[in-house]
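Take a look at the structure set out below.
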Amino acid sequence: MTDIEIETHPLQPFLPATAKLLMLGSFPPPQTRWKMDFYYPNYQNVMAIN
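Residues in the sequence shown are numbered from 1 upward in steps of one, following the UniProt record's numbering.
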(Lines of atoms letter the chains of each structure in order from A; the text may use other names.)
(Lines give C-alpha, C1' and ligand atoms only; values in the text may rest on other atoms or scores of the structure.)
Protein backbone atom coordinates (compact mmCIF):
# COMPACT_ATOMS: atom_id res chain seq x y z
CA MET A 1 0.00 0.00 0.00
CA THR A 2 2.23 2.78 -1.19
CA ASP A 3 -0.40 4.69 -3.17
CA ILE A 4 -2.24 6.16 -0.18
CA GLU A 5 -3.69 9.59 -0.93
CA ILE A 6 -3.29 12.07 1.92
CA GLU A 7 -6.11 14.59 2.18
CA THR A 8 -5.78 17.91 3.96
CA HIS A 9 -8.55 19.62 5.89
CA PRO A 10 -9.16 23.35 5.42
CA LEU A 11 -9.57 24.02 9.16
CA GLN A 12 -6.73 24.11 11.66
CA PRO A 13 -6.94 21.88 14.76
CA PHE A 14 -8.72 23.53 17.69
CA LEU A 15 -8.52 22.33 21.28
CA PRO A 16 -9.47 24.67 24.13
CA ALA A 17 -7.32 24.35 27.26
CA THR A 18 -10.44 23.64 29.34
CA ALA A 19 -11.82 20.89 27.07
CA LYS A 20 -13.10 17.80 28.90
CA LEU A 21 -14.71 15.95 25.99
CA LEU A 22 -13.46 14.93 22.55
CA MET A 23 -16.06 14.27 19.86
CA LEU A 24 -14.82 12.38 16.82
CA GLY A 25 -16.30 12.45 13.35
CA SER A 26 -15.41 11.81 9.76
CA PHE A 27 -14.50 13.87 6.74
CA PRO A 28 -16.44 13.98 3.49
CA PRO A 29 -15.06 12.05 0.50
CA PRO A 30 -12.83 13.78 -2.07
CA GLN A 31 -14.81 16.19 -4.24
CA THR A 32 -14.21 13.96 -7.27
CA ARG A 33 -16.50 11.37 -5.64
CA TRP A 34 -19.30 13.83 -4.84
CA LYS A 35 -22.70 13.07 -6.35
CA MET A 36 -23.91 16.63 -5.63
CA ASP A 37 -22.53 19.91 -4.28
CA PHE A 38 -23.33 19.26 -0.62
CA TYR A 39 -21.38 18.66 2.58
CA TYR A 40 -21.08 14.88 3.05
CA PRO A 41 -22.51 14.17 -0.39
CA ASN A 42 -23.44 10.58 -1.01
CA TYR A 43 -25.45 8.68 -3.61
CA GLN A 44 -27.88 7.74 -0.79
CA ASN A 45 -28.53 11.43 -0.11
CA VAL A 46 -29.62 12.15 -3.69
CA MET A 47 -33.35 12.79 -3.60
CA ALA A 48 -33.84 13.70 -7.26
CA ILE A 49 -36.60 11.95 -9.15
CA ASN A 50 -35.63 10.79 -12.64
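Where a beta carbon is used, it is the ideal one built from N, C-alpha and C, also for glycine. Every value quoted in this text rests on a predicted model; they were computed, and no experiment measured them.
Separation of LEU24 and GLN12 (C-alpha to C-alpha, rounded to the nearest whole angstrom) is 15 Å.
Rounded to whole angstroms, THR18 and THR32 show a C-alpha spacing of 38 Å. For GLU5, there are no CB contacts under 6 Å within the same chain when 5 residues up- and downstream are skipped.
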